[in-house]
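J.: Just so you know, my numbering puts 286 at position 287 of the sequence shown, and the rest follows in order with no gaps. Glycine included, each C-beta is placed from N, C-alpha and C at the ideal position.
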Amino acid sequence: MQDEFFKVPHIVNPGETISSTEYSQRPGGKGANQAVAVAASGSRVEFAGSVGSDGAWLKEFLKEHGVGTDLMLVHEGKPSGRAIIQTTPDGENAIFLFPGTNHASYPVDAPAIRPYHTHLLLQNEILLSDTVETLQAAYQQGVVSIFNPSPMLSPEDLRLFPWKKLSILVVNQGEARTLLSALGKQDEKLVDFDGQTILNALVSLPVLSGLSGIIMTLGGSGAIASFLTPGTGGRETIQLPAAKVKVTDTTGAGDTFLGYFCGSLMRIPGSTWDAKQLTEALKRSIVAAGLSTERPGAMSSIPLNLEVENQLSAYQD
Numbered sequence: 000m001q002d003e004f005f006k007v008p009h010i011v012n013p014g015e016t017i018s019s020t021e022y023s024q025r026p027g028g029k030g031a032n033q034a035v036a037v038a039a040s041g042s043r044v045e046f047a048g049s050v051g052s053d054g055a056w057l058k059e060f061l062k063e064h065g066v067g068t069d070l071m072l073v074h075e076g077k078p079s080g081r082a083i084i085q086t087t088p089d090g091e092n093a094i095f096l097f098p099g100t101n102h103a104s105y106p107v108d109a110p111a112i113r114p115y116h117t118h119l120l121l122q123n124e125i126l127l128s129d130t131v132e133t134l135q136a137a138y139q140q141g142v143v144s145i146f147n148p149s150p151m152l153s154p155e156d157l158r159l160f161p162w163k164k165l166s167i168l169v170v171n172q173g174e175a176r177t178l179l180s181a182l183g184k185q186d187e188k189l190v191d192f193d194g195q196t197i198l199n200a201l202v203s204l205p206v207l208s209g210l211s212g213i214i215m216t217l218g219g220s221g222a223i224a225s226f227l228t229p230g231t232g233g234r235e236t237i238q239l240p241a242a243k244v245k246v247t248d249t250t251g252a253g254d255t256f257l258g259y260f261c262g263s264l265m266r267i268p269g270s271t272w273d274a275k276q277l278t279e280a281l282k283r284s285i286v287a288a289g290l291s292t293e294r295p296g297a298m299s300s301i302p303l304n305l306e307v308e309n310q311l312s313a314y315q316d
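This is how it looks when you write it as structure tokens:
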């Protein structure tokens, strides 16, 4: 996918026409961003996805950034996906998408999950049917699966999604409220809930209560997570503050968080983790996401592992 950035004084309102002060094109797409972040974290990663002939250059770009591309498909004669991104002087953004080849079905004779895979990171910029099929294959193989439902699924798709096949769910506060509304909390004033209350409500949902982990990112307030405690059947909550950074552009911060979290889990053998391991993984992810907001762009803003490690001591202090 190609990201097209427009610097604007404020996010455009309905019926409003405003002028952009700067325009740029960069490689992007949630899946590609997350794959680059996994590679930047120091873990091995393969990207399974599709581009059109106009996006073949992205394959080489990903290779240069340490991402395996053997599972990447190029569809001749079809346009690649696009993200149109507005960014404001205070770092806020608004995005709309053209799916293009992101919605080209992955071939059944070339599955994205291979026997040597240990972790799967999913988002919702591809066909939902491909997401579900890949998740089910990962579940059967015992692969640790992480899913961020962004762009958000429809209420009906949320209700039909095979949540019990998933290992870890990652959402922001807005996505969490949408999930709660679709899956059983329609009558509550969700906008008034704080992070802990929203997380508790998610964990209480029958379809989500058995997940190994639920993580909710809180923007400038950090992140809060609930994880199953190995061997006890109970759950433990971890809440961590945001890194202290000077925000320039928040585009791609969520993808950086997801990639670094997945990459951090890949360093830990097996599919269960103790509180210390999870806390360290979340810290690395928060610091990486924070550093990414100090730079413009999505993929281009993802920090290298050495930068994150150098910043961790300041975060922990």
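(1) Around the Cβ of residue 122, are there at least 16 other Cβ atoms within 10 angstroms (buried) or fewer (exposed)?
(2) Sort out for me which residues DSSP pairs residue 2 with in a bridge.
(3) Near residue 143, which residues of its chain fall below 6 Å by C-beta distance, leaving aside the five closest residues on each side in sequence?
(4) For residue 319, which three-state DSSP category applies?
(5) Please report how far the alpha carbon of residue 247 lies from the alpha carbon of residue 300, in whole angstroms.
(6) How far does the alpha helix (DSSP H) with residue 265 in it reach, from first residue to last?
(7) Give the C-beta separation of residue 293 and residue 244 to the nearest angstrom, bearing in mind that I take them to be a contact with Cβ-Cβ under 8 Å.
(8) Could you check the C-alpha separation between residue 120 and residue 258 for me, to the nearest Å?
(9) If I measure Cβ to Cβ from residue 235 and keep anything under 6 Å in the same chain, skipping five residues before and after, which residues do I get?
(10) Using 10 angstroms around the beta-carbon of residue 17, count the other beta-carbons present and answer buried if the total reaches 16, otherwise exposed.
(11) Might you give, ordered along the chain, the residues of its own chain that have their beta carbon closer than 6 Å to the beta carbon of residue 75, omitting 5 neighbours on each side?
(12) Where DSSP assigns a beta bridge to residue 234, which residues make up the other side?
(13) Within 9 Å of any Cβ in chain C, is that where the Cβ of residue 237 sits?
(14) So, for residue 47: in the same chain, excluding its five sequence neighbours on each side, which residues have a beta-carbon less than 6 Å away from its beta-carbon?
T.: According to the structure data:
(1) Taking the first residue of the sequence shown as position 1, residue 122 is located at position 123. Buried: at least 16 other Cβ atoms inside 10 Å.
(2) Counting from one through the sequence shown, the residue named residue 2 turns up at place 3. According to DSSP, which records beta bridges pairwise, residue 2 is partnered with 25, 82.
(3) Looking up residue 143 in the sequence shown gives position 144. Excluding sequence neighbours, residue 143 sits near 118, 166, 270.
(4) Because the chain is modelled from 0 through 316, residue 319 falls outside the range shown and cannot be assessed.
(5) As a first step, residue 247 is located in the sequence shown; it is residue number 248 there, counting from the start. As a first step, residue 300 is located in the sequence shown; it is residue number 301 there, counting from the start. Going from the Cα of residue 247 to the Cα of residue 300 covers about 10 Å.
(6) Position 266 of the sequence shown, counted from the first residue, corresponds to residue 265. Segment 252 to 265, the alpha helix (DSSP H) holding residue 265.
(7) Residue 293 sits at position 294 when you count from the first residue of the sequence shown. Residue 244 sits at position 245 when you count from the first residue of the sequence shown. Right, their Cβ atoms sit about 5 Å apart.
(8) What you label residue 120 is simply residue 121 of the sequence shown in a count that begins at 1. What you label residue 258 is simply residue 259 of the sequence shown in a count that begins at 1. Put simply, the backbone Cα of residue 120 is about 8 Å away from that of residue 258.
(9) Against the sequence shown, residue 235 aligns to sequence position 236. Residues 226, 228, 274 of the same chain have their beta carbon placed closer than 6 Å to that of residue 235, with the five preceding and five following residues left out of the count.
(10) Counting from one through the sequence shown, the residue named residue 17 turns up at place 18. So residue 17 counts as exposed.
(11) Indexing the sequence shown from 1 puts residue 75 at position 76. Result list for residue 75: 52, in chain order.
(12) What you label residue 234 is simply residue 235 of the sequence shown in a count that begins at 1. Its beta-bridge partners are 227.
(13) As a matter of chain content, chain C is missing from the structure shown, which is built from one protein chain.
(14) Reading the sequence shown from its first residue, position 48 is the one you call residue 47. Short of 6 Å from the beta carbon of residue 47, and not among the five residues preceding or following it, lie these beta carbons of its own chain, in chain order: 70, 111.
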